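Residue numbers (our numbering), protein chains in the order written: chain V, 1 to 421; chain Y, 1 to 482. In this text, a Cβ means the ideal position worked out from N, Cα and C, and glycines have one as well. Given the structure is predicted, the values throughout are model-derived calculations rather than measurements. Read the structure below first, then the notes.
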């Protein structure tokens with residue numbers, strides 16, 4: 001039990017977390033020192049081993065890398081590029097094209113009022129080691145500030161690139177959408193040049209969706225590095241927060257998503273797709289807090305796990321006392337392919353109000369044998385039939401994405417990935 | 001006319017425990033506290049052989065190294081294990097041939113409960129092994145069972161008469177290291193029931209044990225072991241009530257079921273121990289480990305429980321599906337009211353090929369209570385073609401109670417199919433309205449809806465028990481809330 005004689009595994013990261021000038025960095029560093037590395041005995045990390053992330057020392061994240069950018073997305077977006085967590089103005093589009101919208105590196109705005117008033121407010125630094133690590137020394141991140149009643153015209157494409165080496169990259173974003181504002185963000189994580197699988201990307205994002213505002217986030221994970229993320233959102237009255245997370249590549253991926261419905265009639269929509277093969281381990285942890293009456297939430301996560309992949313889903317819906325007339329739906333469906341694929345799922349409901357309609361469903365299985373037979377009997381090859389059924393399995397999650405251009409781009413990526421499963 | 005739902009709610013939530021009374025039987029108890037000497041004392045009291053004592057001592061040593069589990073969604077003050085008695089027995093322990101010889105006080109107790117032995121005897125030939133406090137006092141119908149080769153006796157008797165079976169199966173399903181309360185039970189268990197059904201025998205009657213916790217500040221540590229040999233069938237009933245006590249009472253029972261090839265065990269429980277008063281004072285702590293092992297191919301174990309009592313329930317009747325094509329079932333109704341807390345559910349561990357499990361759990365919470373379903377469905381790598389279906393529904397009666405669902409689902413076999421669904425809601429006003437306008441008053445309407453809601457589970461109970469279960473639901477919830 002005692003670890004007193006062993007060296008603290010955090011020594012692999014601690015040198016990189018010292019003397020940061022970011023807000024609350026010192027307190028967070030103290031927390032890092034105090035908190036142990038979670039093990040599978042820690043309930044929140046029961047199915048995800050993170051000990052191996054602390055096996056060898058990391059180097060600092062470097063932004064000054066020559067990059068040849070991939071093609072632009074086939075839709076009209078404002079592109080913002082981060083290389084190993086560092087903002088790269090030279091690779092990004094003109095970010096000042098639209099008035100009443102701030103899209104910029106967060107570092108430059110730390111002393112500004114709206115940032116000061118929100119930064120660090122909804123991140124669980126005190127009990128979550130990775131959040132404390134990030135807060136102790138963020139690399140940089142995106143500030144998105146949408147003024148009252150402003151609609152961001154073009155989706156913002158946040159391209160995060162990881163290059164080779166064993167870097168500790170700690171992106172830190174702050175999204176503020178003021179009353180009646182509206183924004184759509186596409187976040188893409190990719191790796192370029194060499195082997196990035198040794199790096200650890202430990203990100204934290206805080207989203208504030210004010211009254212009547214709407215924020216849509218599409219997250220696409222196809223980066224070889226280990227990804228640990230904490231995404232928190234606070235949604236005020238009549239606000240709308242929607243996030244879809246698509247995981248296609250990665251060694252170890254852990255997405256913590258924490259949504260608080262803080263004003264009446266707020267709505268949250270959480271969608272997820274994970275297609276795993278190789279030894280990819282993907283763990284989606286979601287928490288939806290219905291803190292006040294009359295809020296709604298809808299959650300749908302679907303995955304196909306092949307090879308030696310592992311899929312983990314832990315979704316919790318919490319309905320506070322007096323949060324009456326809550327409607328919450330949650331669904332998780334998994335298809336296992338291959339004898340070494342595994343899935344662990346835990347949909348949870350914790351409810352303290354009586355006038356509620358909450359439900360969750362969860363399935364684990366394989367592709368419908370009857371469906372396969374039907375297609376085979378119509379002369380469709382086995383592989384083609386499997387692809388068709390897998391594609392169909394993913395359709396209802398994809399259909400929830402309102403942005404059609406993005407949806408068809410994503411669908412093509414998913415189909416390409418399905419070919420490899 | 002239809003009563004205002006708030007009034008009905010108040011009436012029900014403030015209803016005092018109807019079965020609270022104390023039977024005055026002088027008892028013989030061990031000194032307060034727990035140490036190796038107490039374990040030796042208990043073992044000596046039971047005239048146990050040396051191997052049994054060693055087994056207990058080993059368990060006690062293991063227990064000392066363990067820590068009390070804290071993961072359950074229940075809150076209670078720390079238990080002082082040294083401030084409890086670990087053995088008490090009715091002083092007069094008669095060996096009875098007929099009811100006439102039983103202690104009249106005891107008979108009175110059962111009559112007050114409305115489960116008099118005479119009635120039970122008449123009712124479809126139910127053999128009752130009465131456990132009054134910790135010691136088995138009376139066993140009926142033993143003759144009829146003996147004819148079939150069925151062994152149904154108190155646990156301490158089995159230790160003496162059938163040591164080979166005890167040695168083989170005791171702790172084989174719930175090992176001493178399993179958890180804190182199982183280890184404690186293994187060290188200090190007082191008595192319980194033992195049952196063995198020989199190969200190919202279908203037990204001609206439902207076997208039944210009635211529990212009562214009767215001594216103030218007495219820990220109650222039942223140990224039940226039930227073995228169905230190849231092709232055997234048995235249906236076992238367990239029911240309990242307990243009198244009002246101010247001091248919290250700890251109950252840490254262990255039930256082990258073993259089903260060999262083609263055997264089937266049906267285990268039904270109605271639990272109505274004292275839940276504490278409406279402010280949460282007193283009541284039983286029910287920390288029970290129940291597990292069945294489907295050891296042989298095509299064996300089947302089915303748990304049915306109706307849980308209405310206890311201040312705190314911590315109970316997960318489970319099935320280990322080891323034999324190929326074996327089946328596990330769990331049907332549960334858990335009702336919590338006032339300040340009661342229940343964290344209950346099941347574990348289905350699929351190991352064998354083609355194993356099947358079904359979970360149906362219905363939680364009803366009222367007052368200030370908290371009711372959690374916690375379950376695990378685990379499909380092992382070898383469980384080819386395994387199948388599980390789980391349904392967990394919660395009904396909330398009142399806006400100060402909680403209903404929670406914590407299902408763990410793990411699959412490591414691609415050919416397995418697992419389905420889980422859960423819902424939480426209150427009784428629809430439209431349903432009440434519909435029944436009201438058909439001339440059914442709110443009280444009856446709620447009762448009707450709750451009964452319908454639980455029907456799937458209640459239908460699983462044997463006839464004799466279903467009556468009592470419905471009576472219990474009626475007492476605690478009939479005409480309750482809207």
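Query raised in the report: From residue 51 of chain V to residue 180 of chain Y, what distance separates their C-alpha atoms?
Result: Within the first chain, the letter at position 51 stands for residue 51 of chain V. Within the second chain, the letter at position 180 stands for residue 180 of chain Y. For residue 51 of chain V and residue 180 of chain Y, the distance between alpha carbons rounds to 28 Å.
Report task. Output yes if chain V places a C-beta closer than 9 Å to the C-beta of residue 166 of chain Y; else output no. Result -> In the second chain, residue 166 of chain Y corresponds to position 166, counting from 1. Taking Cβ atoms only, chain V never reaches closer than 9 Å to residue 166 of chain Y, which makes this a no.
Query - Three-pair Cβ contact test at 8 Å for the region 32-52 of chain Y versus the region 150-168 of chain Y - result: Cβ pair count under 8 Å is three or more, so yes.
Query - Minimum C-alpha distance to residue 186 of chain Y - residue among Y:317, Y:147, Y:256, Y:299 - result: Counting from one through the second chain, the residue named residue 186 of chain Y turns up at place 186. Closest option to residue 186 of chain Y, Cα to Cα, is Y:256.
Query - Selection from Y:313, Y:222, Y:358, Y:29 that minimises the alpha carbon distance to residue 75 of chain Y - result: Counted from its first residue, the second chain places residue 75 of chain Y at position 75. Of the listed residues, the one whose Cα sits closest to residue 75 of chain Y is Y:313.
Query raised in the report: Would you say residue 402 of chain Y faces chain V, with C-beta separation under 9 Å as the test?
Result: Residue 402 of chain Y sits at position 402 when you count from the first residue of the second chain. So, interface residue.
**Report entry** Beta-carbon contacts of residue 351 of chain V that lie in its chain and below 7 Å, excluding the five residues immediately before and after
**Finding:** Working through the first chain from its first residue, we reach residue 351 of chain V at position 351. Correct list, in chain order: 319, 358.
Query raised in the report: For residue 378 of chain V, does the count of other Cβ atoms within 10 angstroms reach 16, so buried, or fall short, so exposed?
Result: Here residue 378 of chain V corresponds to residue number 378 of the first chain, with the count starting at 1. Exposed, because fewer than 16 other Cβ atoms sit within 10 Å of the Cβ of residue 378 of chain V.
**Report entry** Closer than 8 Å: residue 462 of chain Y CB and nearest the ligand GTP heavy atom
**Finding:** As presented, the structure is devoid of all ligands, the ligand GTP included, so that no description of it is given.
Requested in this report: Could you tell me whether the Cβ atoms of residue 393 of chain V and residue 305 of chain V are closer together than 9 Å?
Outcome: For the purposes of this step, residue 393 of chain V is taken as the residue at position 393 of the first chain. For the purposes of this step, residue 305 of chain V is taken as the residue at position 305 of the first chain. Not a contact, by the Cβ cut-off of 9 Å.
Query - 9 Å Cβ cutoff, residue 363 of chain V in contact with chain C - result: This model lacks chain C altogether; the protein chains it does include are V and Y.
Query - Interface residues of the region 338-349 of chain V facing chain Y [CB-CB below 9 Å] - result: Those residues of the region 338-349 of chain V that come within reach of chain Y (Cβ to Cβ, closer than 9 Å) are 338, 339, 340, 341, 342, 343, 344, 345, 346, 347, 348, 349.
Requested in this report: Label residue 406 of chain V either buried or exposed according to how many other C-beta atoms from any shown protein chain fall within 10 Å of its C-beta, with 16 as the threshold for buried.
Outcome: Locating residue 406 of chain V in the first chain gives position 406, counting from the first residue. So residue 406 of chain V counts as buried.
Query raised in the report: Under a three-way DSSP split, which group does residue 76 of chain Y fall into?
Result: As a position in the second chain, residue 76 of chain Y is number 76, starting the count at 1. Of the three classes helix, strand and coil, the one that applies to residue 76 of chain Y here is coil, per DSSP.
Query raised in the report: Any residues in the region 403-428 of chain Y with a beta carbon nearer than 8 Å to a beta carbon of chain V? Which ones, in chain order?
Result: 403, 404, 405, 406, 407, 408, 409, 410, 411, 412, 413, 414, 415, 416, 417, 418, 419, 420, 421, 422, 423, 424, 425, 426
Query raised in the report: Does DSSP classify residue 391 of chain V as helix, strand or coil?
Result: Residue mapping note: residue 391 of chain V aligns to position 391 of the first chain, counting from 1. The answer is helix: DSSP assigns residue 391 of chain V an H, G or I state.
Query raised in the report: Quick one, are the C-beta atoms of residue 457 of chain Y and residue 254 of chain Y less than 9 Å apart?
Result: Taking the second chain and counting its residues from 1, one reaches residue 457 of chain Y at position 457. Taking the second chain and counting its residues from 1, one reaches residue 254 of chain Y at position 254. The Cβ atoms of residue 457 of chain Y and residue 254 of chain Y do not sit closer than 9 Å to each other.
Query raised in the report: If you measure beta-carbon to beta-carbon, which residues of the region 108-123 of chain V are closer than 9 Å to chain Y?
Result: Flagged: no residues at all.
Requested in this report: Check whether the region 121-133 of chain V touches the region 17-29 of chain V, counting contact only when three or more Cβ pairs, one atom from each stretch, lie closer than 8 Å.
Outcome: Contact holds: three or more Cβ-Cβ distances are below 8 Å.
Query raised in the report: When you compare only the Cα positions, how much space is there between residue 260 of chain Y and residue 221 of chain Y?
Result: Sequence index remark: in the second chain, residue 260 of chain Y carries index 260 (1-based). Sequence index remark: in the second chain, residue 221 of chain Y carries index 221 (1-based). Taking the straight line joining both Cα atoms gives about 26 Å.
Query raised in the report: Of all Cβ atoms in chain Y, is any one closer than 9 Å to the Cβ of residue 277 of chain V?
Result: The residue you call residue 277 of chain V lines up with position 277 of the first chain. For residue 277 of chain V, the answer is no, since every Cβ of chain Y falls outside 9 Å of its Cβ.
Requested in this report: Measuring only between beta-carbons, confirm whether residue 356 of chain V sits less than 9 Å from chain Y.
Outcome: Mapped onto the first chain, residue 356 of chain V falls at position 356. It does: the Cβ of residue 356 of chain V has a partner Cβ on chain Y nearer than 9 Å.
Query raised in the report: Which partner residues does residue 187 of chain V have in the DSSP bridge list?
Result: The sequence position of residue 187 of chain V within the first chain is 187, counting from 1. Paired residue(s): V:158, V:219.
Requested in this report: Indicate whether at least one CB of chain V lies closer than 9 Å to the CB of residue 379 of chain Y.
Outcome: Residue 379 of chain Y sits at position 379 when you count from the first residue of the second chain. Interface with chain V (9 Å Cβ-Cβ cutoff): residue 379 of chain Y is included.
**Report entry** Per DSSP, cross-strand counterpart(s) of residue 297 of chain V
**Finding:** Numbered from 1 along the first chain, position 297 holds the residue referred to as residue 297 of chain V. In the DSSP output, where bridge partners are listed per residue, residue 297 of chain V has V:268, V:328.
Requested in this report: Quickly, what does DSSP pair residue 223 of chain Y with across the bridge? List them, please.
Outcome: Taking the second chain and counting its residues from 1, one reaches residue 223 of chain Y at position 223. Beta-bridge pairing links residue 223 of chain Y to Y:254.
Requested in this report: Can you check DSSP and say which residues form a bridge with residue 452 of chain Y?
Outcome: Numbered from its first residue, the second chain carries residue 452 of chain Y at position 452. Residue pairing by DSSP places residue 452 of chain Y in no beta bridge whatsoever.
Query raised in the report: Name the DSSP bridge partner or partners of residue 133 of chain V?
Result: As a first step, residue 133 of chain V is located in the first chain; it is residue number 133 there, counting from the start. Paired residues: none, contrary to the question.
Query - Length of the line joining the Cα atoms of residue 154 of chain V and residue 388 of chain V - result: By one-based count along the first chain, residue 154 of chain V stands at place 154. By one-based count along the first chain, residue 388 of chain V stands at place 388. For residue 154 of chain V and residue 388 of chain V, the distance between alpha carbons rounds to 33 Å.
Query raised in the report: Is residue 169 of chain V closer than 9 Å to residue 89 of chain V when the C-beta atoms are compared?
Result: On the first chain, position 89 is the one that residue 89 of chain V refers to. On the first chain, position 169 is the one that residue 169 of chain V refers to. In this structure, residue 169 of chain V does not lie closer than 9 Å to residue 89 of chain V by Cβ.
Query raised in the report: Skipping 5 residues on each side, what residues in its chain have a beta carbon closer than 6 Å to that of residue 240 of chain V?
Result: Numbered from 1 along the first chain, position 240 holds the residue referred to as residue 240 of chain V. 214, 267, listed in sequence order.
Query raised in the report: Thinking C-alpha only, which one of V:9, V:273, V:91, V:62 is nearest residue 56 of chain V?
Result: In the first chain, the residue the question calls residue 56 of chain V occupies position 56. Taking only the C-alpha atoms, the option nearest residue 56 of chain V is V:9.
**Report entry** Cβ-Cβ separation, residue 178 of chain V to residue 216 of chain V (assumed contact under 8 Å), whole Å
**Finding:** To locate residue 216 of chain V, count along the first chain from 1; it is residue 216. To locate residue 178 of chain V, count along the first chain from 1; it is residue 178. Their Cβ separation, rounded to whole angstroms, is 16 Å, which puts residue 216 of chain V and residue 178 of chain V out of contact at 8 Å.
**Report entry** Stretch pair the region 165-183 of chain Y + the region 284-295 of chain Y: three plus CB contacts closer than 8 Å
**Finding:** yes
**Report entry** Strand pairing of residue 314 of chain Y, partner residues [DSSP]
**Finding:** The sequence position of residue 314 of chain Y within the second chain is 314, counting from 1. The partner list for residue 314 of chain Y (beta bridge, DSSP) reads Y:287, Y:343.
Query - Status (buried if at least 16 other CB within 10 Å, exposed otherwise) for residue 373 of chain V - result: Walking along the first chain from the start, residue 373 of chain V turns up at place 373. Residue 373 of chain V is exposed by the Cβ-count criterion.
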